[in-house]
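Data block below; observations after.
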Amino acid sequence: MKLEIDVITIFPEFFEKPIQFGPIKRARDAGVLEIRLLNLREFAPTPKEVDDYPFGGGSGMILKPEPIKKAIDSVRKEGGIVVLLSPQGVTFNQKLARKMAEEKQIILICGRYKGVDERIMKYVDMELSIGDYVLSGGEPAALVIIDAVSRLLPGALGSEDSAETDSFEWGILDAPYYTRPRVFDGMEVPDVLLSGDHARIERWRRKEALRRTLKKRPDLLDKALLDKKDLELLEEIKKEEGL
1 MKLEIDVITI FPEFFEKPIQ FGPIKRARDA GVLEIRLLNL REFAPTPKEV
51 DDYPFGGGSG MILKPEPIKK AIDSVRKEGG IVVLLSPQGV TFNQKLARKM
101 AEEKQIILIC GRYKGVDERI MKYVDMELSI GDYVLSGGEP AALVIIDAVS
151 RLLPGALGSE DSAETDSFEW GILDAPYYTR PRVFDGMEVP DVLLSGDHAR
201 IERWRRKEAL RRTLKKRPDL LDKALLDKKD LELLEEIKKE EGL
């Protein structure tokens, strides 16, 4: 199955280079991802008629509803979902990325200036935010979502199990990793990773992933997918850390 992503933006050139690299490119080359960039200006009477002043006064410009609606109608297929990148939206996370990777079509609307005309919400299925900070527009957020979703598609990664072991994939942070040289600036690679004992290595990585999460993002543990062994490892970690 192929995922189609349509991006509605006044700056399509923002995406042209990034989608030519990494997992996004591999997913496109594998035929499981198609990305179309829709220049919002092409759906307005003239290129300059995509925004206007807000009724009631105030600073900033508002994206007009007509061009956005025309852009949506030009590409929307049955089953497609329309997503507005917005600071009012639900915060994007790995769970949403997995859900979106199963869709047939995603239409991303990139807001700009002060926002979009509220009436466009009638045609929006979901509002998404990537964090509580201000961006110049929805384009950076759209690119984050495209990257996170595309790497979950078949053929997007060099190793089939890479996505399964990423941070957040099971609700916790990933374990620390090491490569050559064995000793760097007096710091050695943990012996267990050189043992060749895959069961020990797997246990160590799971434990260190839990340790890292407990130290850096303890809030994640409340919703993480933990089994009995994980809970036992957490108890070990707490004793070792004096918690």
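Read in order, the letters of the sequence shown correspond to residues 1 to 243 in full-length UniProt numbering. Backbone N, C-alpha and C define an ideal beta-carbon position, used for all residues, glycine too. Small disclaimer: the values here were computed from a predicted structure and weren't measured.
Of the choices L38, L221, I107, I120, whose alpha-carbon is the least far from that of L78? The sequence given here places Glu at residue 78; Leu does not occur at that position. The option with the nearest alpha carbon to E78 is I107.
In the DSSP assignment, what residue or residues form a beta bridge with F184? In the DSSP output, where bridge partners are listed per residue, F184 has M187.
Skipping 5 residues on each side, what residues in its chain have a beta carbon closer than 8 Å to that of M126? Closer than 8 Å at Cβ, skipping near neighbours: I81, V82, V83, L84, G89, V90.
If the criterion is Cβ atoms closer than 9 Å, does the pair A141 and D174 meet it? At least 9 Å separates the beta-carbon of A141 from that of D174.
Check whether the stretch 9-22 and the stretch 33-44 touch, using three or more Cβ-Cβ pairs below 8 Å as the test. They touch, by the three-pair rule.
Measuring CB to CB, does K116 end up less than 9 Å from I72? Checking the sequence shown, residue 116 turns out to be Val, not Lys. Taking 9 Å as the Cβ cut-off, V116 and I72 do not qualify as a contacting pair.
Ignore the nearest five residues each way along the sequence and tell me which others in N93's own chain have a CB closer than 6 Å to its CB. Contacts found: none.
Contact under 9 Å by Cβ, P67 with V50: Yes. Within cutoff.
On the criterion of 16 or more Cβ atoms from any shown chain inside 10 Å, does L152 qualify as buried, or is it exposed? Classification of L152: buried, given that the 10 Å Cβ count is 16 or more.
Excluding sequence positions up to five away, which residues of its chain have a Cβ less than 8 Å from the Cβ of K69? Short of 8 Å from the beta carbon of K69, and not among the five residues preceding or following it, lie these beta carbons of its own chain, in chain order: I120, Y123.
Give the secondary structure of R98 by DSSP, where H, G and I count as helix, E and B as strand, and everything else as coil. R98 falls in the helix class under three-state DSSP.
Beta carbon of L231 nearer than 9 Å to that of I172: 9 Å or more divides the Cβ of L231 from the Cβ of I172.
Identify whether M1 lies in helix, strand or coil by the three-state DSSP scheme. Look at M1 here: in three-state DSSP terms it is coil, with no helix or strand label.
Just the C-alpha distance for E236 and L214, rounded to the nearest angstrom, thanks. Distance between the alpha carbons of E236 and L214: 12 Å.
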